Amino acid sequence: MNKKFLKKMIKAEKYKYEALKEILPNDLRKNLEEFEKDALNLLKDVVFEMMKDDVEKKESKGSIKRVDIDFTK
């Protein structure tokens, strides 16, 4: 698909979502916005934990040294 077309479709969906939020009652809109913030914070925490695990794995690998053993004796 065309990259420009995809950008326009995403923007259209964003506007549609914002319009839907505008017609919601105020208390429901506040609940939805709070849910969005909580979901975003959860996503940030998950990404942070995944990155943290990757860093710990890289640090724990250490170095490997090649050892030559002479069996000719």
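In the numbering used here, each residue's number is its place in the sequence shown (first place is 1) plus 116. For glycine and all other residues, C-beta sits at the position ideal for the given N, C-alpha and C. Values in this document were obtained by computation on a predicted structure and should not be read as measured data.
Cβ-Cβ separation between R145 and K153: approximately 13 Å, too far for a contact (criterion under 8 Å). Taking a C-beta distance under 8 Å as the contact criterion, L148 and L140 qualify as a contact pair. Cβ neighbours of A128 within its own chain (closer than 7 Å, five residues either side excluded): none. Taking the Cα positions, Y131 is about 55 Å away from I180. For I126, the three-state secondary structure derived from DSSP is helix. CA-CA distance, M167 to A135, rounds to 36 Å.
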